[in-house]
Amino acid sequence: MKITKTDISGRWLGIYWQAENPIGFEAAFIQGGSVIDGRVLDENYLGESFIKGELLGSRIFFIKRYLTTSPHPIRYSGTLTEDSNYMSGHWRIGYVDSGRWEAYRTYDPLAEALAGLTMTQSTSALMTADEDVWEFHD
């Protein structure tokens, strides 16, 4: 398998089905190389979880663990579309429970604005750093 150059970092909205009941979630992924970390917030009582996994080519694999409600890890596997805006697959908890899931990349204006910021130095505005304080000088 080849390691992808695709970056899935950002905000995703999705649904997973458990016992044929749809449960919505919001996910925030951070990717470094093929490694994926992130947080997920389910719309049901299970609440927040964290994930760790890998993106290999167009295949995604990760384990989700809830912070407070469930001690059982949930294993996810799936496929990312060529445009990197949709992923889907299956999840399972041991041999006890399983289902399908899907997620869509969503627009996050704050993240886009932060990514677009560049720090430049010009003759009219110099920036210096003193410990943890950033100062701008005219």
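Quick note on numbering: the working numbering labels position 94 of the sequence shown as 249, and the sequence is numbered without any gaps. By construction, the Cβ of each residue, glycine as well, lies at the ideal position given by its N, Cα and C atoms.
Using a 10 Å radius around the Cβ and a threshold of 16 neighbouring Cβ atoms, would you call residue i buried or exposed?
{"i": "residue 210", "result": "buried"}
{"i": "residue 163", "result": "buried"}
{"i": "residue 191", "result": "buried"}
{"i": "residue 258", "result": "buried"}
{"i": "residue 288", "result": "Reliability of the predicted coordinates at residue 288 is poor, the pLDDT of 44 falling under 50, and no value is obtained from them."}
{"i": "residue 168", "result": "exposed"}
{"i": "residue 231", "result": "buried"}
{"i": "residue 193", "result": "buried"}
{"i": "residue 255", "result": "exposed"}
{"i": "residue 286", "result": "Residue placement at residue 286 cannot be trusted, given a pLDDT of 45 that sits under 50; the coordinates are not used to answer."}
{"i": "residue 262", "result": "exposed"}
{"i": "residue 188", "result": "exposed"}
{"i": "residue 171", "result": "buried"}
{"i": "residue 222", "result": "exposed"}
Compare the beta carbon distance of residue i and residue j with 8 Å and say whether it is the shorter of the two.
{"i": "residue 215", "j": "residue 228", "result": "no"}
{"i": "residue 173", "j": "residue 252", "result": "yes"}
{"i": "residue 239", "j": "residue 161", "result": "yes"}
Residues bridged to residue i by DSSP?
{"i": "residue 182", "result": "167 and 195"}
Start and end of the beta strand (DSSP E) containing residue i?
{"i": "residue 252", "result": "252–260"}
{"i": "residue 200", "result": "Element bounds for residue 200: n/a, residue is neither H nor E."}
{"i": "residue 232", "result": "229–235"}
Flag this pair as touching only if the stretch 176–183 and the stretch 194–208 have three or more C-beta atom pairs under 8 Å; answer yes or no.
The answer is yes - the stretch 194–208 touches the stretch 176–183, with three or more Cβ pairs under 8 Å.
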